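What follows is a single structure, written as structure tokens, with notes after it.
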Amino acid sequence: MHAKVVVVGSLNMDLVARAERLPRGGETLAGDSFFTVPGGKGANQAVAVARLGGSVAMIGNVGDDAYGQQLRQALHVEGIDCQAVSVCDGVSSGVALIVVDAASQNAIVIIPGGNGLLTPESVERFDALLQAADIVICQLEVPLPTVAWTLARARELGKTVILNPAPATGPLPAEWFAHIDYLAPNESEAEALTGLPVTDKASAERAAERLLALGAGKVIVTLGAQGALFVTAQGSQHFPAPQVKALDTTAAGDTFIGGFAAALSRGMGEGEAIAFGQRAAALSVTRAGAQPSIPYLAEVQP
Ligand code: RIB
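Mapping of the sequence shown onto the UniProt record's numbering: position 201 corresponds to residue 201, and the numbering continues sequentially without gaps.
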């Protein structure tokens, strides 16, 4: 079976501490609990596609350590094609140090490890996977030249291209936009990409229109509990979020992206796919951790 969705991106082991609040600079704070779970934006999105009914392959790197074996195994048990998850000698696997507070907000520091060695050449080795895909998904936790190469190659092959610009630190290179069918930032990423403040639907629409003017095909701004805004050349549509009691928002965005892509790959229309991704993401925030929080198809079906 050929993968219909290919995710090119990061795999991290998440080291998660829960505490009443996030520590201030220079402060030592006693926390409540600690756990270690597989994460990484790329791997989370691949797991979301797999659990939510899609067929998916992952292209990425891990280090030659115990975390690397666990990260690969976590994808393998989900039925994800891992032939292109390579082990890099002499380097650690990607790690994310995450603190989650009582209000379910998080702060994350990532150490790229093997993710930082994912070169354009190392993706090109698996060009057959890109050729066999219908949808290609990228994020920004691997080197930017690799993202640039992948977007351009996926466009050249005529694939549907989704970019989740996370984490975003500033504007995207101008030449990327023409390669992107769906650009899906959250509010802070939309702000980083455009320099415009994004706090609500109206400001999200202004930022999305700027991104469309730069050449993105369609823009989906996710706004957490305020829902999502889908903006195209034809206009904008707001999708309210299902209201839930949030425990941990880690990987909610990844679950949305994976759910959206899985739904598209199964033939749903864009609006239906956005609503499906939102239902999946809403369930994920009620559970702790990255990959353990991602729901399965049967939980999300209406
Ligand atoms: O999007 C959530 C992810 O961000 C975590 O799993 C962590 O690994 C960081 O990459």
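Built from N, CA and C at the ideal position, the CB exists for glycine as well. These numbers come from a predicted model, not from an experiment.
*Would you grab the beta carbon distance between residue 52 and residue 262 for me? Rounded to a whole angstrom, and I think it's under 8 Å.*
Confirmed, about 4 Å.
*asked:* Rounding to the nearest angstrom, what Cα-Cα distance links residue 86 and residue 147 in this structure?
replied: 17 Å
*asked:* Considering just the uninterrupted stretch of the alpha helix (DSSP H) at residue 201, what are its terminal residues?
replied: Element bounds for residue 201: 201-213.
*Length at least 3, wholly inside the stretch 37-109: the beta strand (DSSP E) runs in chain order*: The qualifying runs are 56-63, 81-88, 94-100.
*Run through the stretch 134-212 for me and flag every whole beta strand (DSSP E) of 3 or more residues, listed as ranges in chain order.*
135-138, 160-163
_Determine whether the beta carbon atoms of residue 253 and residue 142 lie at a separation below 8 Å._
no
*Can you grab the Cα-Cα spacing for the pair residue 249 / residue 284, in whole Å?*
7 Å
_Give me the residue from 129, 200, 299, 151 with the minimum Cα distance to residue 174._
151
*Test item: CB-CB of residue 291 and residue 39 under 8 Å*: With respect to residue 39, residue 291 sits close: the two C-beta atoms are nearer than 8 Å.
*asked:* In the DSSP output, which residue or residues are listed as bridge partners for residue 228?
replied: Per DSSP, 222, 239.
*Near residue 20, what residues of its chain come up, given a Cβ to Cβ distance below 6 Å and the 5 sequence neighbours on each side ignored?*
102
*Residues bridged to residue 266 by DSSP?*
Per DSSP, none; premise fails for residue 266.
*Since residue 17 sits in a beta bridge, which residues does DSSP pair it with?*
34, 99
_8 Å contact criterion, which residue 166 and residue 139 should meet: CB distance rounded_ = The Cβ separation is near 5 Å, so the contact holds.
*Output the boundary residues of the beta strand (DSSP E) element that contains residue 304.*
There is simply no residue 304 to check, as the chain begins at 1 and stops at 302 in what is shown.
*asked:* On the DSSP letters alone, give me the boundaries of the alpha helix (DSSP H) that residue 127 sits inside.
replied: 127-132
*May I have the straight-line CA-CA distance separating residue 17 from residue 68, to the nearest angstrom?*
21 Å
_Straight-line gap, residue 179 to residue 29 (C-alpha atoms, nearest Å)_ = 45 Å
_How far does the alpha helix (DSSP H) with residue 120 in it extend, from its first residue to its last?_
120-124
*Skipping 5 residues on each side, what residues in its chain have a beta carbon closer than 6 Å to that of residue 273?*
260, 263, 264
*Please determine, among 255, 229, 110, 60, the residue with the shortest C-alpha to C-alpha distance to residue 200.*
The residue from 255, 229, 110, 60 with its alpha-carbon nearest to that of residue 200 is 229.
*Straight-line CA distance for residue 15 to residue 127?*
When rounded, the distance between both Cα atoms is 33 Å.
_So, does the stretch 153-162 touch the stretch 191-208, judging by three or more C-beta pairs under 8 Å?_
no
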